[in-house]
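Numbering of the sequence shown is given in the UniProt record's numbering, commencing with residue 1 and proceeding in unit increments.
Glycine included, each C-beta is placed from N, C-alpha and C at the ideal position.
These numbers were taken from a predicted model, which means no experiment stands behind them.
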Amino acid sequence: MNPQAKLIFMTSLLLGTTITISSNHWIMAWAGLEINTLAVLPLISKSHHPRSVEAATKYFLTQAAASALVLFSSMTNAWHTGQWDITQLSHPTSGLILTSAIAMKLGLVPFHFWFPEVLQGSPLSTGLLLSTIMKLPPITLLYMTSPSLNPTLLTILALLSTALGGWMGLNQTQVRKILAFSSISHLGWMAIIIIYNPKLTLLNFYLYTMMTATVFLTLNSMKVLKLSTLMTAWTKVPSLNAMLLLTLLSLAGLPPLTGFLPKWLIIQELTKQEMIATATLMALLSLLSLFFYLRLAYCTTITLPPHTTNHMKQWRTGKPTNVLIAILATMSIALLPISPLILALV
């Protein structure tokens with residue numbers, strides 16, 4: 001892709017995100033979401049492969065439908081209350097429509113079908129954008145309207161997302177699809193707590209973004225797209241593979257690593273809200289995701305000979321690891337001891 005065109009699209013992406021997260025008026029938020037969608041479409045379809053074009057079409061249709069629902073929800077609210085302010089979403093029907101629209105934007109179950117397909121048709125660099133920065137504007141809208149949302153609906157969406165995100169990722173062999181279902185599962189954890197403690201949702205999102213960015217950048221540097229390629233990648237950059245193993249276990253939420261922090265805090269908050277059954281169910285459902293993270297981790301580092309594969313071994317590259325990947329990987333693994341400081345900042 002032409003560097004000037006790429007610069008324009010990336011600038012538009014940042015502009016759309018900034019407009020949405022800093023707006024008070026529904027029309028401005030909607031305009032930001034539209035700029036975002038239009039800016040990311042060329043990045044999805046830049047390889048001109050039929051699958052990329054299909055992914056871009058699916059992405060456009062779902063995002064356009066979700067944006068129309070956001071507009072419909074805000075107009076319904078304005079019709080009943082005379083308010084266009086985002087924080088004044090007081091009409092219950094508007095709240096339900098908005099929750100559905102944001103669920104569609106984010107890819108929460110049952111509006112999740114587009115997300116794995118779109119991620120599978122996109123390059124890894126665009127997949128990183130779709131999994132992280134494209135989720136920020138919808139989550140910000142949820143954050144701003146959280147006092148007036150329907151807790152029952154959000155809890156159901158969150159439980160379904162965590163269950164299906166873990167369950168449907170079990171039999172995948174394509175790494176991008178596994179990461180898509182991982183994203184759906186994490187979004188379930190964010191959605192369940194947004195009404196009771198919105199700041200925890202943002203903390204979870206930041207840590208999830210950091211860990212997912214590490215995984216995507218590592219896979220991109222190793223040129224890995226499926227599990228069979230991942231099995232032979234240990235010969236290429238052994239140190240990077242060890243980092244990827246720990247980052248995947250951190251994404252799964254295992255205790256001494258950074259990813260345990262949001263899960264721990266969310267379960268603690270749900271217990272405070274006397275939602276013991278929900279907290280137990282969420283913890284049990286996260287075991288499903290743990291299985292496919294362990295599968296990825298196994299393929300990453302533990303498939304040494306005599307487990308022979310039919311793929312040719314890759315040459316070890318003498319290139320040093322990218323500094324950004326090194327910093328992100330360190331943060332994805334080692335932030336748990338400074339959790340009091342993180343909570344004080346949040």
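Proximal residues to Leu-296 (C-beta, below 8 Å), its chain only, five neighbours per side dropped: Val-175, Ile-178, Leu-227, Leu-230 and Leu-248
Are Phe-115 and Ile-194 touching if we call contact CB-CB under 8 Å? no
Which residues in the same chain as Phe-205 place their Cβ atom closer than 8 Å to its Cβ, once the five residues preceding and following it in sequence are excluded? Lys-135, Leu-136, Ile-139 and Met-190
If you compare alpha carbons, which of Ile-325, Met-168 and Ile-156 is closest to Ile-192? Ile-156
Counting only the same chain and skipping the five closest in sequence on each side, list residues whose C-beta sits under 8 Å from that of Thr-76. His-91, Thr-93, Ser-94 and Ile-97
Is the beta carbon of Thr-258 sitting closer than 8 Å to the one on Met-331? yes
Mapping the DSSP letters down to three states, classify His-25 as helix, strand or coil. strand
Met-104: first and last residue of the uninterrupted alpha helix (DSSP H) it sits in: 92-106
Counting along the chain, where does the alpha helix (DSSP H) carrying Leu-248 start and finish? 238-252
Excluding sequence positions up to five away, which residues of its chain have a Cβ less than 6 Å from the Cβ of Val-346? Lys-199 and Leu-203
Go ahead and pull the three-state DSSP assignment for Gln-63. helix
Could you tell me which residues DSSP puts in a beta bridge with Lys-177? For Lys-177, which the question treats as bridged, DSSP gives no partner whatsoever.
The stretch 162-176 in contact with the stretch 116-127 per 3-pair CB rule at 8 Å: yes
Three-way DSSP call (helix, strand, coil) for Lys-58 in this model: helix
By the 10 Å Cβ neighbour count, where 16 or more other Cβ atoms means buried, how is Lys-46 classified, buried or exposed? buried
Per DSSP, Lys-226 is paired with what? Gln-174
Hey, how far is the Cα of Gly-169 from the Cα of Gly-82? 45 Å
Label Ser-22 either buried or exposed according to how many other C-beta atoms from any shown protein chain fall within 10 Å of its C-beta, with 16 as the threshold for buried. exposed
Using 10 angstroms around the beta-carbon of residue 350, count the other beta-carbons present and answer buried if the total reaches 16, otherwise exposed. Since the displayed the chain opens at 1 and closes at 346, residue 350 lies outside it and no answer follows.
Do Ser-12 and Ala-39 have their CB atoms nearer than 8 Å? yes
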